[in-house]
Amino acid sequence: MAELAVILIVEDDEKYLADTLDSILATNDILLEVIIVDNASTDSSVNIVATFQDERITLLKNTRRQTLLACYQQAIKASTAPFLSFVSPADLVLPGILSKMINLLKASPAADLALCHCFKISETGKAFAWRKKMRRAAVDVAEKTAEQILESLVLSGLSRLDLPICRRELFQDTRKFEDKYKNSFKQSLVLRLASRKAICLLPEYGYVRRRIYSLKHHFQFFWSLVKWGKVVGICYRLAREKQFLQFPGGNAKITLLLGTKLYRIFRYSSLDYLISPVYLLYRKTRRHWRQKIWRYLKAVFFQLMVFIFRIRQSAQKVVGLSSNGSEEKDIAYFIPLFPKLSETFIQREVTALRNSGQRLLVFAEAPHGSGKYTPEVVKLMNSTEYLDPVDADKFQGYRRYFLRHHPLRYFATHLFVFATRFEIHKSPWKDREIFEKAIYLAGKLRENEIDHIHSPWANWSAFVALTAARLLKITFSVQGRAFDLHRKTVAFALQEKFDQASFVVTNSEYNADYIRGIISGNGSEKVYRIYNGIEIVRFTPPMRTVEEKSSTVQLLSVGRLIEAKGYIYLLQACQALRDLGYDFHCTIIGEKSKYHDMNSYLDLKRYYHKMKLESHVTFSGAKPFEEVLQIYENADIFVLPCIPSDSGVKDITPNVLIEAMAMMLPVISSTQTAIPEIVDDNINGLLVAPRDTQALTDALIRLIENPELRIEFGRNARQKIEDRFDIGKNIQQYVSLFANIINE
């Protein structure tokens, strides 16, 4: 008896049917039966099925066209397997995925339906540009709550989570989906199961959906409305039958989700549909006419800016500054997430500036993550002003204030946001979102009488801070560090941010030269290099001697599991050390990124298991800073083989190198970017070329075999940190910069 029945409904689908059947029949690890219903096809679909001499295939023919639901019922009646799967005749099933989903259902007795992620390809087999995003979503789904999964299914149906496998008994419970649901079989299935919380997901992608061109793609807005109307009809029927009582929030929650779906349809589809004919007409216009139109628009924009500037210059007083006339000025940091485990250097800056006597407020959208925080972090959180959740009444009050008292400045700033490309996916809705964030931030700054705002990153948050500063007419400064300067998907509007900043701070000469090449005119004089600093007193290294060390050499690396850290080359070096018989153990501390480099993370874990490195390498995940300090004490060698990633991400001045050197650890890193400004080759560590596994292995062998050299490098490393990277010394440069700009 077969364990799984795969059902295909064929209606003139000869083009890709053979590929689909090949992908299904490649499953040999479970007993399988394939039920194909030919719904009165007029092409050669039946002949293609006949060419497969496989006893697992059963072909059912309809002499006239039936509804999709009738075809499903016909196939279910002909099957004998306890589990059923539904596949489209143009799609592909990846090897091994069917058995994994069957095992998932067996391990989850309460679940009636199992789903896996899919990604889409074109008719030619080419994957779409957002394939990586789908892969990341497939990994992150394991971290979603059950309620989030159900809400996503209600909103999107099976558009992203495809290849359903369900128990045969499910159709008895749901009365086989009577004809009143017509062709909305899959949507009915999902919505009924969502009300029962009987869905489980496989956290990987195993299904390839072919996106076939059709006329409806030209009318995506109207097609989305039609699909939404079907979902509304199904939900209405199920609500009348009181099917949604067990859903989180009940019928009210379903109503809210349907309203959200309708909002998304109008937000993301309608405007594109209206603009597309204008865009096509623009593309058809001759090139020289397009250039003339563009020059005319730029001239109009320039004249408007000149007019607004003259109006502002003729104002009788400067508005937006502290209203109480106090001589003591306040500055603010704006950070998206604060505090953040991977950004302890910003926490040190804030603490050191406050300890120096500077009045400093931190504004952030939200804290990063949740869990147990150290007392120092809790203290920082208590003194941070969080913008989320947004108070709608306050936001409207801030908007009315700027419109009533500074209308020209308000519209000029809005036009500035509209005319500036501040990120890779720019759209009118994104412009509105950023401008509204800036309004809310500006209102908070005004309430706290802030005179200067500083952004410790040069990414989109710096653009929000700059926009808020323009609304308030206060000074603005920015700091460029690493990905915000060099990642291709993030480094936008850098010239606008740097040109309008009172000063620009960076953490290395490498970055300083790069920023000076971006700033226009003589603005390079306002670029200041201030090295990252640490609190030396918090880093108390143990007395390291050769005699106290055990035979097993402890290697350590700390950093997020992204491509730029070069961990794949560290694993290759560990494999070589293991094969050569060296006694060592490597610990890697860090978490995967939820938004970037998910593919490199998957490759890293795949290589780790394939090479069977579990006994020599341990991935410890993210840890609080105090625990990392204890692990530093027990390590012998610190390794961070940084590389430039394909997306342009580069580690400029890895702070973990500074921390490890402060703990008197010899370090091994690469020769890229500003790392040579931290590590002196053959003095306090070893530097190798990026992506050179053999050189990395040789460097590890040299330090493993020479414990005396490790002790010498560790002492020199501590001295280098005390001389160059003591935050007690470096922070005075920050204090001077802020004091000068406020005094002006």
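Position 475, counted from 1, in the sequence shown is what my numbering calls 1563; the numbers after and before it change by one each time, with no gaps. Glycine included, each C-beta is placed from N, C-alpha and C at the ideal position. Note that the coordinates shown come from a computational prediction; the quantities given were computed from them, not determined experimentally.
- Ranked by Cα distance from I1676, the first of D1811, L1659, D1667 is L1659.
- Under the three-state reduction of DSSP, C1159 is assigned to helix.
- The continuous alpha helix (DSSP H) containing T1785 extends over residues 1781-1793.
- Leaving aside the five residues that flank T1462 on each side, the residues in its chain whose CB is nearer than 8 Å to its CB run, in chain order, P1712, F1713, E1714.
- By the 16-neighbour rule on beta-carbons within 10 angstroms, V1438 is buried.
- In this structure the region 1664-1678 lies against the region 1639-1653, because at least three pairs of beta carbons, one per stretch, are closer than 8 Å.
- If you look at F1571, you'll find it in the alpha helix (DSSP H) that goes 1571-1574.
- F1564 is bridged by DSSP to I1541.
- Annotated three-state conformation of F1627 is coil, per DSSP.
- The distance from the Cβ of Y1528 to that of V1478 is about 6 Å, consistent with a contact at the 8 Å cut-off.
- A distance below 8 Å separates the beta carbons of A1550 and K1585.
- Inter-residue distance for V1125 and D1200 is about 24 Å (C-alpha atoms, whole angstroms).
- Put simply, of A1589, L1092, K1817, I1815 the residue whose alpha carbon is nearest the alpha carbon of T1555 is A1589.
- With respect to the 8 Å criterion, D1476 and A1454 are classified as neighbours on the basis of their beta carbons.
- Contact check for L1192 against L1290 passes: the beta carbons are separated by less than 8 Å.
- According to the DSSP secondary-structure assignment, T1472 is paired through a beta bridge with V1450.
- For A1530, the enclosing alpha helix (DSSP H) covers residues 1516-1535.
- Listed in chain order, the alpha helix (DSSP H) elements of length 4 or more contained wholly in the region 1649-1703 are 1655-1668, 1686-1698.
- As the crow flies, the alpha-carbon of P1729 is around 24 Å from that of A1579.
- Cβ atoms of G1568 and I1618 stay farther apart than 8 Å, at about 12 Å.
- Here A1198 carries a coil assignment [DSSP, helix/strand/coil].
- In the structure shown, T1130 adopts coil according to DSSP, grouped into three states.
- Inclusion of H1673 and L1643 in the CB contact set at 8 Å is warranted, their separation being smaller than that value.
- In the three-state scheme derived from DSSP, where H, G and I count as helix and E and B as strand, G1347 is classed as helix.
- For I1095, the uninterrupted beta strand (DSSP E) segment begins and ends at 1092-1098.
- In the DSSP secondary-structure assignment, G1709 is bridged to I1677.
- Take the alpha-carbon of M1469 and the one of L1449: they are about 11 Å apart.
- A Cβ-Cβ separation of about 24 Å leaves R1144 out of contact with A1128 under the 8 Å criterion.
- A distance below 8 Å separates the beta carbons of A1762 and S1596.
- By DSSP's assignment, V1823 forms no beta bridge with any residue.
- A residue is called buried when at least 16 other Cβ atoms come within 10 angstroms of its Cβ; N1620 meets this threshold and is buried.
- In this structure, T1472 is the residue among K1467, N1443, T1472 with its C-alpha nearest to the C-alpha of A1452.
- Excluding sequence positions up to five before and after R1558, its CB lies within less than 6 Å of the CB of T1501, all in the same chain and listed in chain order.
- Pairing L1775 with R1520, the inter-Cα distance amounts to about 47 Å.
- A residue is called buried once 16 or more other Cβ atoms fall within 10 Å of its Cβ, and H1205 is buried on that count.
- Note on K1653: 16 or more other CB atoms within 10 angstroms of its CB, so buried under the neighbour-count rule.
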